[in-house]
Amino acid sequence: MTELGVGIVGCGVISTIYMQNLALFRGVRLVACADLLAESARAQAEKFGIRALTIDELLRDPEVDLVVNLTTPNAHFAVSHAALTAGKHVFSEKPLCVSAEDGLRLVQEADRRGLKLGCAPDTFLGAGGRLARETIDSGKVGRVLAGSCFLMSHGMEHWHPNPEFFFKPGGGPILDIGPYYLGALCNLLGSIESVQARASTGFAERVVTAAGARKGDRITVETPTTVMALLHFAEGADIVLSMSWDVWKHGHPPIELYGTEGSLRVPDPNFFGGTVEITARGEDWQVLDSADRLYGKPNWRSPNWPASAPDRANYRCLGIAELASAVLHGTPHRASGAFAAHVLEAMHAILRAGEHGGTIAVESRIERPAPLSDAEAASYWRAAAG
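When the letters of the sequence shown are read in order and numbered with the numbering used here, they come out as residues 14 to 399.
Here it is as structure tokens:
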């Protein structure tokens, strides 16, 4: 076998970038899609020249070796578990599922069946994440002692046409955006050992302002939308994490890490490129741009991609190609289900600590993923380097 046939379940907003990008990577071939709304699957199938199936048909299809789960979070467990029991490898959008217990069940099911389970975010495999990891591993900032991590905005209702699930159980900034930030931190620092937190809800309801059928609708908020946490890592670092959808504007960098020899600014982990900034013992910041490295060149501008003036790197499907390479060639699997399950457990610990107070232990442990070399990164790429 030289490539895996890919079937996508979930044909909502995010499916387009996956379907566009999949053709750029080796080892994978898009063959089918499915959605509970048959018309959504048909529209995407027609656009990308693939077959539209029911979910059950896709899970039975012999051409589908790998199921990409792009459903809403509350459906992640059921779809991924069904795919694994059907003998398919799985790559899921984040979070791995809604509950930490179900995340562990998925990891165990994949292991029992000898299948690969992967999960977004795969952004830490991009050029910016690789450059930050190389900087940490080189010892340029020494041992990381502490840091800060900020994600602040005013929510999703201004851009997403159907944003209700963001404000219901299973949503909120921790479970929706937290995987990017905690994934980046775990790639750099290893396992989270314990957390403390405070949580609140800034606005009791949200009004949809994005264009579409739901514009003007009011959404009752049922999950915390501001969370302040302290993360203690097993290797000793303490990171302040602030995530909020109640902020109109702020000036904090996404991630700063403070080491015994210097400080490091890590690019926005929601994307694959960006600049790394480093200062040694208080000297001026040195800016290292990842744009000239593979998976760092800007190729996307919201809301349409490609566009004439892209301003950020969006190489979604990199983790799918990495999973396919692990299946086909035995290379390391970094954006794995076990990695995502640890992040998921840590996020639930944050939410519990925010609700009840105290210090909550994170029981699972992971090893930092193996660094992704430029050579292995290039082996995934079907298109011209850039």
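By construction, the Cβ of each residue, glycine as well, lies at the ideal position given by its N, Cα and C atoms.
All of these numbers come straight from a predicted model, not from anything done at the bench.
> How long is the line joining the alpha carbons of Leu117 and His263, rounded to whole angstroms?
Replying inline: What you label residue 117 is simply residue 104 of the sequence shown in a count that begins at 1. What you label residue 263 is simply residue 250 of the sequence shown in a count that begins at 1. C-alpha separation (whole angstroms): 36 Å.
> With a Cβ-Cβ cutoff of 8 Å, do Ala351 and Arg39 count as a contact?
Replying inline: Here residue 351 refers to the residue found at position 338 when the sequence shown is read from its first residue. Here residue 39 refers to the residue found at position 26 when the sequence shown is read from its first residue. Not in contact: Ala351 and Arg39 (Cβ atoms no closer than 8 Å).
>> Phe61 and Ile332 - do their beta-carbons sit closer together than 8 Å?
In response: The sequence position of residue 332 within the sequence shown is 319, counting from 1. The sequence position of residue 61 within the sequence shown is 48, counting from 1. Residue identity check: residue 332 is Gly in the sequence provided, not Ile. No. Outside cutoff.
>> Taking its Cβ as the centre, do 16 or more other Cβ atoms sit within 10 Å of Gln299, making it buried, or is it exposed?
In response: Indexing the sequence shown from 1 puts residue 299 at position 286. Exposed: under 16 other Cβ atoms inside 10 Å.
> Near Gly155, what residues of its chain come up, given a Cβ to Cβ distance below 8 Å and the 5 sequence neighbours on each side ignored?
Replying inline: Indexing the sequence shown from 1 puts residue 155 at position 142. Here the set comprises Gly272, Thr273, Glu274, Gly275.
>> So, does the segment 287–303 touch the segment 177–196, judging by three or more C-beta pairs under 8 Å?
In response: no
>> Between Phe137, Met32, Gly25, which has its C-alpha nearest Val19's C-alpha?
In response: Residue mapping note: residue 19 aligns to position 6 of the sequence shown, counting from 1. Looking at the Cα atoms, Met32 is the closest of the given residues.
> For Tyr271, which of helix, strand or coil comes out of DSSP?
Replying inline: The residue labelled residue 271 in the question sits at position 258 within the sequence shown. In this structure, Tyr271 counts as strand in the three-state DSSP scheme.
>> To the nearest angstrom, how far is the alpha carbon of Ser323 from that of Pro384?
In response: Sequence index remark: in the sequence shown, residue 323 carries index 310 (1-based). Sequence index remark: in the sequence shown, residue 384 carries index 371 (1-based). According to the sequence displayed, residue 323 carries Pro and not Ser. Going by the C-alpha atoms only, they are around 28 Å apart.
> Under 8 Å, do Cys199 and Ile205 count as touching if we go by C-beta distance?
Replying inline: Within the sequence shown, numbered from 1, the residue matching residue 199 stands at position 186. Within the sequence shown, numbered from 1, the residue matching residue 205 stands at position 192. Against a cut-off of 8 Å, the Cβ pair of Ile205 and Cys199 comes out as a contact.
> When DSSP labels each residue in this structure, what does Ser257 get in the three-state scheme?
Replying inline: Taking the first residue of the sequence shown as position 1, residue 257 is located at position 244. Ser257: strand per DSSP, three-state reduction.
>> With distance defined between alpha-carbon atoms, name the residue in Gln57, Thr29, Pro75 nearest to Leu17.
In response: As a first step, residue 17 is located in the sequence shown; it is residue number 4 there, counting from the start. Here the closest residue by C-alpha is Pro75.
> What beta strand (DSSP E) runs, 3 residues minimum, are completely inside the segment 128–162?
Replying inline: 130–132
>> According to DSSP, simplified to helix, strand and coil, what is His102?
In response: By one-based count along the sequence shown, residue 102 stands at place 89. Strand at His102.
> Of all the options Gln209, Gly142, Arg231, which has the alpha carbon lying nearest to the alpha carbon of Thr288?
Replying inline: Translated into positions along the sequence shown, residue 288 becomes position 275. Among Gln209, Gly142, Arg231, the Cα nearest to that of Thr288 is on Gly142.
> Would you call Met14 buried or exposed, if buried means 16 or more other Cβ atoms sit within 10 Å of its Cβ?
Replying inline: On the sequence shown, position 1 is the one that residue 14 refers to. By the neighbour-count rule (16 or more Cβ atoms within 10 Å), Met14 is not buried but exposed.
> If Tyr393 and Gly139 are in contact, beta carbons under 8 Å, what's the gap, nearest whole angstrom?
Replying inline: Here residue 393 is taken as the residue at index 380 of the sequence shown, counted from 1. Here residue 139 is taken as the residue at index 126 of the sequence shown, counted from 1. Wrong, their Cβ atoms sit about 12 Å apart, outside the cutoff.
>> Can you check which of these residues, Ala159, Glu290, Met360, Pro280, is closest to Cys326 by C-alpha distance?
In response: As a first step, residue 326 must be located in the sequence shown, where it is residue number 313. The question names Cys, but residue 326 is Ala in the sequence shown. For Ala326, the nearest C-alpha among the options comes from Pro280.
> When you compare only the Cα positions, how much space is there between Ala145 and Arg347?
Replying inline: Within the sequence shown, the letter at position 132 stands for residue 145. Within the sequence shown, the letter at position 334 stands for residue 347. Roughly 16 Å between the two C-alpha positions.
> Counting along the chain, where does the beta strand (DSSP E) carrying Cys6 start and finish?
Replying inline: Within the shown structure, residues of the chain are numbered from 14 to 399, placing residue 6 beyond reach of any answer.
> If you run the structure through DSSP and keep just helix, strand and coil, what is Asn175?
Replying inline: The count along the sequence shown starts at 1 and reaches residue 175 at position 162. Of the three classes helix, strand and coil, the one that applies to Asn175 here is coil, per DSSP.
>> Pop quiz: Leu336 and Lys101 are said to be a contact at Cβ under 8 Å. What is the actual Cβ separation, rounded to whole angstroms?
In response: Position 323 of the sequence shown, counted from the start, is the residue given in the question as residue 336. Position 88 of the sequence shown, counted from the start, is the residue given in the question as residue 101. Actually they are not in contact, since the Cβ atoms of Leu336 and Lys101 sit about 12 Å apart, beyond 8 Å.
> What did DSSP end up calling Glu59 once you bin it into helix, strand or coil?
Replying inline: Within the sequence shown, the letter at position 46 stands for residue 59. Three-state result, Glu59: helix.
>> Can you find the residues in the same chain that come closer than 6 Å, C-beta to C-beta, to Glu358, ignoring five residues on each side of it along the sequence?
In response: The residue labelled residue 358 in the question sits at position 345 within the sequence shown. Closer than 6 Å at Cβ, skipping near neighbours: Ala113, Val375, Ser377.
> Whose C-alpha, out of His173, His245, Trp258, His94, is nearest the C-alpha of Val157?
Replying inline: As a first step, residue 157 must be located in the sequence shown, where it is residue number 144. Minimum Cα distance to Val157 is reached at His245.
> Per the contact definition of three or more C-beta pairs closer than 8 Å, is the segment 167–179 in contact with the segment 212–226?
Replying inline: Touching, per the Cβ criterion.
> Where does Leu117 sit, in a helix, a strand or coil, going by DSSP?
Replying inline: For the purposes of this step, residue 117 is identified with residue 104 of the sequence shown, where counting begins at 1. It is helical.
> Since Phe246 is in the alpha helix (DSSP H), which residue starts that stretch and which ends it?
Replying inline: Translated into the one-based positions of the sequence shown, residue 246 becomes position 233. It is not in any alpha helix (DSSP H) - Phe246 instead sits in the beta strand (DSSP E) that spans 239–246.
> Pick from Arg381, Arg395, Ala388: whose alpha carbon is nearest that of Asp150?
Replying inline: Within the sequence shown, numbered from 1, the residue matching residue 150 stands at position 137. For the residues Arg381, Arg395, Ala388, the minimum Cα distance to Asp150 belongs to Arg381.
>> Going by the DSSP bridge assignment, what does Ala374 pair with across the sheet?
In response: In the sequence shown, residue 374 corresponds to position 361, counting from 1. For Ala374, which the question treats as bridged, DSSP gives the partners Ser207.
> Alpha carbon to alpha carbon, how far is Met241 from Pro134?
Replying inline: Against the sequence shown, residue 241 aligns to sequence position 228. Against the sequence shown, residue 134 aligns to sequence position 121. Near 22 Å, if we compare the C-alpha coordinates of Pro134 and Met241.
> Do you know offhand how far Ser93's Cα is from Ser28's?
Replying inline: One-based indexing of the sequence shown puts residue 93 at position 80. One-based indexing of the sequence shown puts residue 28 at position 15. Straight-line Cα distance between these residues: approximately 16 Å.
> Using the rule of at least 16 other Cβ atoms within 10 Å of the residue's Cβ for burial, across every protein chain shown, is Asp69 buried or exposed?
Replying inline: Locating residue 69 in the sequence shown gives position 56, where the first residue counts as 1. With fewer than 16 other Cβ atoms within 10 Å, it is exposed.
> Would the beta-carbon of Pro75 be found less than 7 Å away from any heavy atom of the ligand ATP?
Replying inline: The ligand ATP is not part of the structure shown, which contains no ligands of any sort.
> In chain order, what residues of the same chain have a beta carbon less than 6 Å from the beta carbon of Asn283, not counting five sequence neighbours either side?
Replying inline: If you number the sequence shown from 1, residue 283 lands on position 270. Excluding residues within five positions, the ones whose Cβ falls inside 6 Å are Tyr193.
>> Using the three-state DSSP reduction, which class does Met32 fall into: helix, strand or coil?
In response: As a working mapping, residue 32 is identified with position 19 in the sequence shown. Note: Met32 maps to helix in three-state DSSP.
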